[in-house]
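S.K.: Below you will find the structure I want to go over with you.
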């Protein structure tokens with residue numbers, strides 16, 4: 001489980017630095033909308049590998065019962081502070097995603113974003129089976145990962161070359177259909193969010209990239225724009241949603 005150790009060490013450094021506490025990241029809203037669409041008021045929703053917990057905070061604000069689990073105590077402390085700052089309710093747990101401290105069939109929805117791409121295929125399967133175990137029968141498991149968007153891949157590689165990549169091992173994923181035949185849908189989302197990686201690789205262009213991002217997001221409302229751009233440039237994220245039979 002070498003990748004587990006590498007990922008944990010890198011992320012603990014970020015939580016200790018109070019990473020992103022006051023930053024509103026646009027992709028968080030898009031991920032929230034995906035979880036919101038597959039959930040209902042009053043449902044118990046677990047984010048397994050919760051990181052900042054900022055997306056779960058949005059879920060809590062939409063009248064869902066929110067549970068967060070992360071292996072890093074620093075991440076859970078961060079999430080508690082953030083929830084408190086927004087006067088939101090949540091349930092927080094430090095624990096291993098490979099062996100979560102919950103009974104079988106505990107949650108209506110179990111999800112995560114930006115987690116499984118840090119592991120190999122065998123480990124991803126183990127994570128999925130554990131997420132499925134704690135999900136209720138008839139419930140949903142949703143996994144969101146970086147996919148093979150051309151802009152994301154190009155500037156991720158540039159950041160790795162220049163030593164600016166701080167997120168450890170991360171392998172973009174084209175599909176997670178291999179996890180379970182009971183897949184409800186699998187979609188590519190967040191085309192415009194790839195643009196952020198240009199400014200991460202080249203900080204001096206941050207202002208023009210922000211303008212380009214705003215323009216691209218506006219253009220996404222025009223029929224056909226997103227389809228055309230995704231065809232040529234791909235998207236940043238892949239969402240796969242499964243049903244527990």
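Numbering (UniProt numbering), first residue to last: 1 to 245.
Just so it is clear, CB atoms sit at the ideal spot from N, CA and C, and this is done for glycine as well.
#1: What separation, rounded to the nearest whole angstrom, lies between the Cα atoms of residue 240 and residue 144?
#2: Does the segment 103 to 118 come within contact of the segment 132 to 147, defined as at least 3 CB pairs closer than 8 angstroms?
#3: Can you tell me whether residue 223 is buried or exposed? The criterion is at least 16 other CB atoms within 10 Å of its CB, across all chains shown.
#4: For the 8 angstroms Cβ check, are there 3 or more pairs between the segment 66 to 79 and the segment 30 to 37?
#5: By DSSP's criteria, residue 189 is part of a beta bridge. Which residues make up the other side?
#6: Which runs of the beta strand (DSSP E) fall wholly inside the segment 58 to 112 and span at least 3 residues, in chain order?
#7: Considering residue 30, what are the terminal residues of the alpha helix (DSSP H) in which it resides?
#8: Tell me where the alpha helix (DSSP H) around residue 208 begins and ends.
#9: By the 10 Å Cβ neighbour count, where 16 or more other Cβ atoms means buried, how is residue 234 classified, buried or exposed?
#10: How would you label residue 204, buried or exposed, when you count the other beta carbons within 10 angstroms and need 16 or more for buried?
#11: Check whether the Cβ atoms of residue 202 and residue 146 sit closer than 8 angstroms, and answer yes or no.
#12: Examine the ligand GTP and report whether any of its heavy atoms sits within less than 7 angstroms of the Cβ of residue 237.
#13: Mind checking which residues open and close the alpha helix (DSSP H) that includes residue 121?
#14: Determine which residues share a DSSP beta bridge with residue 242 and list them.
#15: Looking at the structure shown, is residue 146 part of a helix, part of a strand, or coil, going by DSSP?
#16: Starting from residue 44, follow its DSSP beta bridges and name the residues at the other end.
#17: I'd like the list of long-range same chain contacts for residue 94, defined as Cβ closer than 8 angstroms, with 5 residues on each side in sequence excluded.
#18: Any chance the segment 57 to 65 sits against the segment 120 to 130, with 3 or more Cβ pairs inside 8 angstroms?
#19: Return the residue from the list 198, 110, 232 and 88 that minimises the CA-CA distance to residue 244.
#20: Do residue 218 and residue 151 have their CB atoms nearer than 8 angstroms?
#21: Look at the alpha carbon of residue 200 and the alpha carbon of residue 232, and state the distance between them as a whole number of angstroms.
#22: Excluding the 5 residues preceding and the 5 following residue 185 in the sequence, name in chain order all residues of the same chain whose CB lies nearer than 7 angstroms to its CB.
#23: In this structure, how does DSSP classify residue 198 when only helix, strand and coil are distinguished?
M.R.: The structure says:
#1: 6 angstroms
#2: yes
#3: Exposed, by the Cβ-count rule.
#4: no
#5: 237
#6: List check, beta strand (DSSP E) in window: 65 to 70 and 91 to 94.
#7: For residue 30, the enclosing alpha helix (DSSP H) begins and ends at 26 to 37.
#8: 206 to 219
#9: buried
#10: By the neighbour-count criterion, in which a residue is buried when 16 or more other Cβ atoms sit within 10 angstroms of its Cβ, residue 204 is exposed.
#11: no
#12: You won't find the ligand GTP in this model; it holds no ligand whatsoever.
#13: 121 to 134
#14: 141 and 183
#15: Three-state DSSP puts residue 146 in a strand.
#16: Residue 44 pairs with 65.
#17: 69, 70, 71, 72, 73 and 76
#18: The count of Cβ pairs closer than 8 angstroms, one atom from the segment 57 to 65 and one from the segment 120 to 130, stays below three, leaving the stretches out of contact.
#19: 110
#20: no
#21: Looking at the two C-alpha atoms, the distance is approximately 22 angstroms.
#22: Cβ contact annotation for residue 185 (same chain, cutoff 7 angstroms, sequence separation greater than five): 241, in chain order.
#23: Residue 198 falls in the helix class under three-state DSSP.
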